[in-house]
Amino acid sequence: MIFGVQPTRHNGDHTDQSIPLDLLQQAKGLVFLTVAKAGFVMSVRDGTGWMIAQTRDGSWTPPVALDTVGVGWGALIGGDITNYLIVLNTNRAVQTFAQKCSVNLGAE
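In the numbering used here, the protein residues as written are 1 to 108.
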């Protein structure tokens, strides 16, 4: 699951941006990313962050640095910076996310 962590107000509170506590308690890993994106029809994005994963004994690993880069196309003019918290619910999700390289195709 991916949650944007940019705060927005809805009726004076942040409840629409909160992550359920039981989801966090069952998480096998957490990824924190800050991604900047800019473009005009073609876009580029670059981001950095870190990941932690739960070990078999229930403790957490030290943070591991991450980097993400990409290009895209679509109806985009301008740019933005977004902070993400990605909750990894399974050990397989942690292993998949921790791979050296992944490719993601899509349009904006």
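Yeah, the Cβ is synthetic: ideal placement off N, Cα and C, and Gly gets one too.
This one's a predicted model, so the numbers in the text were calculated from it and none came from an experiment.
C-alpha distance - residue i paired with residue j, whole-angstrom precision
{"i": "residue 56", "j": "residue 62", "result": "14 Å"}
{"i": "residue 34", "j": "residue 87", "result": "15 Å"}
{"i": "residue 68", "j": "residue 82", "result": "13 Å"}
{"i": "residue 48", "j": "residue 101", "result": "14 Å"}
{"i": "residue 44", "j": "residue 73", "result": "9 Å"}
Cβ-based burial, residue i [other Cβ within 10 Å; buried from 16]
{"i": "residue 60", "result": "exposed"}
{"i": "residue 27", "result": "buried"}
{"i": "residue 71", "result": "exposed"}
{"i": "residue 30", "result": "buried"}
Option nearest residue i by Cα separation, candidates the options
{"i": "residue 64", "options": "52, 88 and 45", "result": "52"}
{"i": "residue 80", "options": "40, 31 and 18", "result": "40"}
{"i": "residue 36", "options": "84, 50, 92 and 93", "result": "84"}
{"i": "residue 76", "options": "38, 66 and 46", "result": "38"}
{"i": "residue 89", "options": "19, 18, 24 and 20", "result": "24"}
{"i": "residue 58", "options": "50, 78, 91 and 32", "result": "91"}
Bounding residues of the beta strand (DSSP E) (the contiguous stretch that carries residue i)
{"i": "residue 83", "result": "64 to 88"}
Residue i: first and last residue of the uninterrupted alpha helix (DSSP H) it sits in
{"i": "residue 55", "result": "Segment: none, residue 55 is in no alpha helix (DSSP H) and carries neither H nor E."}
Which of helix, strand or coil DSSP assigns to residue i
{"i": "residue 110", "result": "The structure shown has nothing for residue 110, since the chain only spans 1 to 108."}
{"i": "residue 96", "result": "helix"}
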